[in-house]
Amino acid sequence: MSALPATGPCLSGLSPQSQSSLTAQTNPGSTQLPPPPQGVLREIPPAILCKIGQETVQDIVSRTMEIFHLLRSIQLPNGVTQSQAVYQDRFCKLQEHLRQLTLLFRKLRLLYEKCAEMTSDLDKLPTEMVPYINEDNQDEISTYQGSRESQEILEKVKLKNEGMKVLMDQMRQLLWDINSMLTLRK
């Protein structure tokens with residue numbers, strides 16, 4: 275068996291500086307991607323960032339599945355030149371998938387940190403959002419008082435409407451009496 279070169283055949287077309295930067299990026303923890311401009315992520319709402327994060331997780335899962343399929347299909351080279359070429363090709367694909375997977379995890383980390391930063395200023399804690407049983411809640415009390423006041427106002431309006439109906443009936447009766455007197459007079 276022969277040992278694989280550090281750069282691999284898939285990096286042969288690149289300059290040595292490019293090869294070293296690519297291999298440095300595939301090693302986790304060696305270099306960090308520069309963070310995106312602050313204005314770009316600051317304008318995007320947290321819900322959309324979470325949706326992008328969900329899609330990133332789906333990409334990570336699909337890349338991981340592809341990596342496992344590649345690992346299953348890779349056979350160790352046994353000295354045959356044709357199988358060694360296929361092995362090198364699959365090994366190159368595997369390295370590319372691992373590099374992309376590393377980038378996806380970095381993207382997910384940035385999205386998580388940005389969402390956590392944007393939502394850290396929320397006033398209520400999750401325990402405050404869920405009311406306890408048998409606990410007086412100010413919102414419920416104010417809602418109850420508001421509904422009671424609106425019921426009282428509706429009752430007053432109904433009473434005034436009934437009073438106006440009685441008054442209109444009396445006016446109608448008075449006009450009827452006046453008209454009947456005028457017709458008798460003629």
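Position in the sequence shown (first residue = 1) + 274 = this note's numbering.
Virtual Cβ for every residue (Gly too), placed ideally from N, Cα, C.
Straight across, the Cα-Cα distance linking serine 336 with cysteine 389 is about 23 angstroms. Counting the other Cβ atoms within 10 Å of the Cβ of glycine 437 gives fewer than 16, which makes it exposed. In terms of Cβ geometry, glutamate 340 and histidine 371 form a close pair [threshold 7 angstroms]. Considered as a whole, the segment 325-395 harbours 355-393 as its complete alpha helix (DSSP H) runs of no fewer than 4 residues, in chain order. With respect to leucine 384, isoleucine 334 sits apart: the two C-beta atoms are not nearer than 7 angstroms.
Relative to leucine 344, the option among Asp363, Gln358, Val431, Gly327 whose CA is nearest is Asp363.
Scanning Met392, Arg346, Val431 for the CA closest to the CA of glutamate 317 turns up Met392.
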